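So, in structure tokens, the structure goes:
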């Protein structure tokens, strides 16, 4: 017996890949990742884009960030931020090089699939009161029945006052829920396809059943519930027309697995990437190139509107930075690079038939560097260049970052898009990069702590790299 490797073994090590999990190559990383993810679980308690922006601003100020003022001459290492309509935020660290040499950008979205309220949401039927919803983003509607929900959002009252609503999360607060048909009477329902088992108009949240004590009043249960809202928040029924209210799962983030190696929580698409890039931004000190870390809105519905990445708010901000230093915005954009930080689908052996195993991604193998996404014939994809892929991979190798590459699933099974196409339209070389997720878009999603931690280290490596863009 000899331990000497054969010619074939040596050649295989040299020219073939042999993917391994972080548990095999970096087994001790779980303790570091678990500590890192304690802060992440706190971040996850903010379940709407408004809540996330409100949560991060005090942290930014504590870490030395100031609100951006156009025309200010910032010095290397200075940190500043800019908020767009309370739903998106850009966070920056000034680099040693002028902005004309380019920026290192990362963008994640902070909206998640949910149930938005209709303009006239409250109604009574069969002596029960309900809120009527319109689902936001791509969901399996049947997953949203018979789970505890909380109501979140902002209501602008007729008197001009703005009130923040949070109901259903606290231990002493009431539960809210969408009911489902009992199995004993579900013979016809069970014959339907999954997309038809629960229809959009059936996603009505049960909110009350006890009438207001007045025989002369119609819709007594509706009035009783509205009275509760009026006494607590000052809300009248007409105020719903100018409200931004939604229902989200009331589950709290929890460690998952007997080994506590995973996290189960709502909204990890895309909070896992948002938290990783946020922490990387905070920990960047005096980078060679300036950083721009973006939390964006409306990704789940197409990135439209003034707070979505199709808005000009990002380009306008970069133009302000360019003018502050006397250069052209187009030069800044051309010399910049961007990580479009959004999650990917982790392989699930329970549904292995929709994945192509040679080109899928797995939990605990690090974040996913995705050359292209889209659907079927690469429709609506960014498709990063070979030069961009090699540039990012070079940074990762130098920093001992573990990553994986792959596609969302089999070609004709479907697909999905990210913010990458909304960034690259500004002539910024962009590539998708994100955390693999199980049960994506479900009320509770699953991620690996090690993947999230490695995602943070990867974004930080890009921010700290002095490697010039040469393509």
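Residue numbers (this note's numbering): 15 to 485.
Cβ atoms here follow ideal geometry from the backbone N, Cα and C, with glycine treated the same way.
Everything numeric in this text was worked out from a predicted model, so none of it was measured.
Residue nearest to residue i in terms of C-alpha spacing, selected from the options
{"i": "residue 294", "options": "54, 37, 87 and 30", "result": "54"}
{"i": "residue 279", "options": "461, 482 and 481", "result": "461"}
{"i": "residue 126", "options": "447, 319, 315 and 95", "result": "315"}
{"i": "residue 201", "options": "193, 211 and 63", "result": "211"}
{"i": "residue 451", "options": "469, 444, 438 and 222", "result": "469"}
{"i": "residue 179", "options": "169, 188 and 185", "result": "169"}
{"i": "residue 85", "options": "94, 77 and 78", "result": "94"}
{"i": "residue 79", "options": "66, 397, 64 and 97", "result": "97"}
{"i": "residue 149", "options": "164, 90, 262 and 44", "result": "262"}
{"i": "residue 141", "options": "363, 90 and 235", "result": "235"}
{"i": "residue 157", "options": "111, 208 and 137", "result": "208"}
{"i": "residue 91", "options": "306, 290 and 162", "result": "306"}
{"i": "residue 438", "options": "480, 121 and 273", "result": "121"}
{"i": "residue 368", "options": "335, 432 and 427", "result": "427"}
{"i": "residue 362", "options": "465, 191 and 423", "result": "423"}
Where residue i falls, given that 16 or more other Cβ within 10 Å makes a residue buried
{"i": "residue 128", "result": "buried"}
{"i": "residue 440", "result": "buried"}
{"i": "residue 384", "result": "buried"}
{"i": "residue 34", "result": "exposed"}
{"i": "residue 219", "result": "buried"}
{"i": "residue 412", "result": "exposed"}
{"i": "residue 139", "result": "exposed"}
{"i": "residue 417", "result": "buried"}
{"i": "residue 484", "result": "exposed"}
{"i": "residue 421", "result": "buried"}
{"i": "residue 326", "result": "exposed"}
Simplified DSSP state of residue i, which is helix, strand or coil
{"i": "residue 418", "result": "strand"}
{"i": "residue 134", "result": "strand"}
{"i": "residue 387", "result": "coil"}
{"i": "residue 155", "result": "helix"}
{"i": "residue 195", "result": "coil"}
{"i": "residue 126", "result": "coil"}
{"i": "residue 323", "result": "coil"}
{"i": "residue 113", "result": "helix"}
{"i": "residue 334", "result": "helix"}
{"i": "residue 21", "result": "helix"}
{"i": "residue 410", "result": "helix"}
{"i": "residue 315", "result": "helix"}
{"i": "residue 363", "result": "helix"}
{"i": "residue 446", "result": "strand"}
{"i": "residue 180", "result": "strand"}
Cβ pair residue i, residue j closer than 8 Å
{"i": "residue 310", "j": "residue 123", "result": "yes"}
{"i": "residue 104", "j": "residue 331", "result": "yes"}
{"i": "residue 172", "j": "residue 252", "result": "yes"}
{"i": "residue 281", "j": "residue 61", "result": "yes"}
{"i": "residue 478", "j": "residue 37", "result": "no"}
{"i": "residue 71", "j": "residue 145", "result": "no"}
{"i": "residue 133", "j": "residue 254", "result": "yes"}
{"i": "residue 187", "j": "residue 248", "result": "no"}
{"i": "residue 459", "j": "residue 355", "result": "no"}
{"i": "residue 238", "j": "residue 167", "result": "no"}
{"i": "residue 339", "j": "residue 109", "result": "no"}
{"i": "residue 346", "j": "residue 114", "result": "yes"}
**Item:** Segments assigned alpha helix (DSSP H), at least 4 residues, entirely inside the stretch 41-111
**Value:** 43-58 and 63-76
**Request:** Mind listing, in chain order, the continuous alpha helix (DSSP H) runs of no fewer than 4 residues lying wholly within the stretch 204-279?
**Result:** 208-211 and 234-247
**Request:** Kindly provide the ranges of any alpha helix (DSSP H) runs that are 4 or more residues long and lie completely inside the stretch 453-480, ordered along the chain.
**Result:** 463-478
**Request:** Pick out the complete alpha helix (DSSP H) segments inside the stretch 276-305, 4 residues or longer, and give them in chain order.
**Result:** 282-297
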